[in-house]
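These notes concern the structure reproduced below.
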Amino acid sequence: MSTEKSNPIIDPQLRPNTWDEYIGQQKIKDNLHILLTAAKKRGDQPEHILFYGPPGLGKTTISHLIAKESGRNIKITSGPAIEKVGDLASILTNLANGDILFIDEIHRLNNNIEEILYPAMESGVLDIIIGKGPSARTIQLDLPPFTLIAATTKIAMMSSPLRSRFSGGVFKLEFYTENEIAQIIKQSAQKLNITILDETVDEIAKRARYTPRTANYFLKRCRDYAEVHETDLDKNSVLQSLDLIGVDEEGLQQIDRDVLLTIIEKFNGGPVGLKTIATATHEEIDSIESVVEPYLIQKGFLELTPRGRTATVAAYEHLGKEFIKNNR
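Sequential numbering of the sequence shown, starting at 824, is according to the working numbering.
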C-alpha cells in the first residue's frame, strides 16, 4: 500500500471525470445522454433537471459531471443558504450565458423565494419588487439562458408547482448493488493509489449501505488504520478498522443499533412513532428518517406500519435478543 502524500481534500478527487467512470444509475445516464446530446445538436440550453433520493448516492456528483461533460460553468448553492429574495436575485443576475446553477436541498427554499424562481425557470426573467405599499412597482430583468439542476433528499417536501417546472426530467437515484459498490471502491482505491485485494473490497462493499459516499468513507478510514499500524490493507486490518468505528458485519452503525434496541427493549418491539424514537435515542428525526430507516428497511430489520415502526424477527436475531411472538 502506498505511503505517498496526497491532497487532504480527496472527495472531489474521487468524483468521476467521465460518464464511463460514473458507475451505476444506468437508466438516468441513458436519459441524460439523450437530453444533453439533443440540446447540444439544437444549440439549445439543456432543460432544468431535478435529482432526488437518499444522501450519498451521487446527486451532486452527477450534476458536476453534467457540467464537465457539457463544457459549462457550474455555480453551486443550497436551499438553506438562500435566505432572502435578494440572495437569489444576486445569484441569478451573476450567471453567465449557458451557466448551470446547482441548488442542493432545494426543498428548503421558502415560498417567497420559490415565487421568484418560477419566472426565472420558465421565461428567463427576474421580477424584482421595489418599494412597499401603493408605491411599489415591479422591475423585470432579462436573465441569460441557464440550466437549473436541483437535488433533494425529501421530494415530498417540495411544492408541486416547483417540481413541475423541471421540464428536463425528475430522476430518482436508486441504492447501488454490492457489485456496483465494489467497482466504486476499486476505482477509488486506484485514484488514491491504494493497493487493495478483492476480498478486502468485498468486506467493505457489503457494509457500505449500498451508498458510494459511505463506501469511500470506509475505504479512507481503513487506509488510515493500515498506515498507522504499518500493515497491509488486508481483510484482517479492514475488519479491525471497521470494528473500531463501530460498523458490524451487516453494515449497522451505533445509531442503527440504538434505534433497533430502543424499539425492542423500551417499546416491546413496537409499533412506536418516529418522534418517540428520536426522543428516546437523542437523535434528530431527519437523521433517523433519511439515513437510518431506509437501510434498516432494506436489510429487513425494520417495518413501517400504520401504527408506527416495528422491529422484525431478523433484528432480534442480529442483536442477540429473544423474540417473543405475542409481544406485539
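Cβ atoms here follow ideal geometry from the backbone N, Cα and C, with glycine treated the same way.
Next on the checklist: Does the structure place the region 896 to 909 close enough to the region 922 to 942 that three or more beta carbon pairs sit under 8 Å?
Outcome noted: Counting C-beta pairs with one atom in each stretch, the region 922 to 942 and the region 896 to 909 have three or more that are closer than 8 Å, which means they touch.
Next on the checklist: Tell me the DSSP secondary structure of ASP843 in three-state form.
Outcome noted: On the sequence shown, position 20 is the one that residue 843 refers to. In this structure, DSSP gives ASP843 a state outside helix and strand, which the three-state scheme calls coil.
Item to check | For ALA1134, the first and last residue of its enclosing alpha helix (DSSP H) | outcome: By one-based count along the sequence shown, residue 1134 stands at place 311. If you look at ALA1134, you'll find it isn't in any alpha helix (DSSP H); it sits in the beta strand (DSSP E) that goes 1131 to 1134.
Item to check | When MET981, ALA973, GLY947 and HIS887 are compared against ASN933, the one with the closest alpha-carbon | outcome: The residue you call residue 933 lines up with position 110 of the sequence shown. Closest option to ASN933, Cα to Cα, is MET981.
Checklist entry - On the three-state DSSP scale, how would you describe SER901? => result Along the sequence shown, read from residue 1 onward, the residue named residue 901 stands at position 78. In this structure, SER901 counts as strand in the three-state DSSP scheme.
Next on the checklist: Quick check for students: name the residue ranges of the beta strand (DSSP E) that lie wholly in the region 992 to 1041, counting only runs of 3 or more.
Outcome noted: Counting whole runs of 3 or more residues, the region 992 to 1041 contains the beta strand (DSSP E) stretches 992 to 995.
Next on the checklist: At the 7 Å Cβ level, is PRO1035 part of the contact set with chain D, yes or no?
Outcome noted: Any reference to chain D falls outside this structure, which holds one protein chain only.
Checklist entry - When the Cα of ALA1138 is compared with those of ASP1025, GLU1073, HIS1052 and LEU985, which residue comes out closest? => result Counting from one through the sequence shown, the residue named residue 1138 turns up at place 315. When each option's Cα is compared against that of ALA1138, the closest is GLU1073.
Item to check | Short Cβ contact (7 Å threshold) for ALA837 with ASN1039 | outcome: Locating residue 837 in the sequence shown gives position 14, counting from the first residue. Locating residue 1039 in the sequence shown gives position 216, counting from the first residue. The sequence shown places Leu at residue 837, not Ala. Between LEU837 and ASN1039, the CB-CB gap stays under 7 Å.
Next on the checklist: In this structure, how does DSSP classify THR1102 when only helix, strand and coil are distinguished?
Outcome noted: The count along the sequence shown starts at 1 and reaches residue 1102 at position 279. Look at THR1102 here: in three-state DSSP terms it is helix.
Next on the checklist: According to DSSP, is GLN963 part of a helix, a strand, or is it coil?
Outcome noted: Numbered from its first residue, the sequence shown carries residue 963 at position 140. The answer is strand: DSSP assigns GLN963 an E or B state.
Checklist entry - So GLU1116 is in the alpha helix (DSSP H); what residue range does that whole segment cover? => result Within the sequence shown, the letter at position 293 stands for residue 1116. Judged by DSSP secondary structure, GLU1116 falls within the alpha helix (DSSP H) whose first and last residues are 1116 to 1121.
Checklist entry - Can you give the beta carbon distance from ILE951 to ILE962, rounded, assuming they're within the 8 Å contact cut? => result Here residue 951 is taken as the residue at index 128 of the sequence shown, counted from 1. Here residue 962 is taken as the residue at index 139 of the sequence shown, counted from 1. Contact holds; Cβ gap of about 5 Å.
Next on the checklist: Using C-beta distances below 7 Å, list every residue in its chain close to GLY992, excluding the 5 sequence neighbours before and after it, in chain order.
Outcome noted: Taking the sequence shown and counting its residues from 1, one reaches residue 992 at position 169. For GLY992, where only same-chain residues beyond five positions count, the Cβ hits under 7 Å are ASN854, LEU858 and ILE872.
Checklist entry - Going by C-alpha distance, which of ALA974, GLU844 and VAL1070 is nearest TYR875? => result Here residue 875 is taken as the residue at index 52 of the sequence shown, counted from 1. Ranking the options by Cα distance to TYR875, first place goes to ALA974.
Item to check | Distance CB(VAL1082)-CB(ILE1100) smaller than 7 Å | outcome: Along the sequence shown, one-based indexing puts residue 1082 at 259. Along the sequence shown, one-based indexing puts residue 1100 at 277. Less than 7 Å separates the beta-carbon of VAL1082 from that of ILE1100.
Item to check | Close beta carbons around ALA919, own chain, < 8 Å, minus the five adjacent residues each side | outcome: Counting from one through the sequence shown, the residue named residue 919 turns up at place 96. ASN896 and PRO967, listed in sequence order.
Checklist entry - How should ASN830 be labelled, buried or exposed, when 16 other C-beta atoms within 10 angstroms of its C-beta is the threshold for buried? => result Counting from 1 along the sequence shown, the entry for residue 830 is found at position 7. Per-residue confidence for ASN830 stands at a pLDDT of 43, beneath the threshold of 50, marking its modelled position as unreliable; the derived number appears in the next sentence. Flag for ASN830 reads exposed.
Checklist entry - Considering ASP1079, what are the terminal residues of the alpha helix (DSSP H) in which it resides? => result The residue given as residue 1079 occupies position 256 in the sequence shown. For ASP1079, the enclosing alpha helix (DSSP H) begins and ends at 1077 to 1084.
Checklist entry - On the three-state DSSP scale, how would you describe THR970? => result Looking up residue 970 in the sequence shown gives position 147. It is a strand residue.
Item to check | Rounded C-alpha distance that separates GLU892 from PRO1035 | outcome: Indexing the sequence shown from 1 puts residue 892 at position 69. Indexing the sequence shown from 1 puts residue 1035 at position 212. GLU892 and PRO1035: Cα-Cα distance of roughly 21 Å.
Checklist entry - Using the rule of at least 16 other Cβ atoms within 10 Å of the residue's Cβ for burial, across every protein chain shown, is GLY1093 buried or exposed? => result Locating residue 1093 in the sequence shown gives position 270, where the first residue counts as 1. Buried: at least 16 other Cβ atoms inside 10 Å.
Item to check | Between the CA atoms of ALA979 and LEU1042 - distance to the nearest angstrom | outcome: Counting from 1 along the sequence shown, the entry for residue 1042 is found at position 219. Counting from 1 along the sequence shown, the entry for residue 979 is found at position 156. So the two alpha carbons sit approximately 33 Å from each other.
Next on the checklist: Can you tell me whether VAL1061 is helix, strand or coil according to DSSP?
Outcome noted: Locating residue 1061 in the sequence shown gives position 238, counting from the first residue. If DSSP states are grouped into helix, strand and coil, VAL1061 belongs with the helices.
Next on the checklist: Bridge partners for ASP927 per DSSP, in chain order?
Outcome noted: Taking the first residue of the sequence shown as position 1, residue 927 is located at position 104. By DSSP's assignment, ASP927 forms a beta bridge with SER901.
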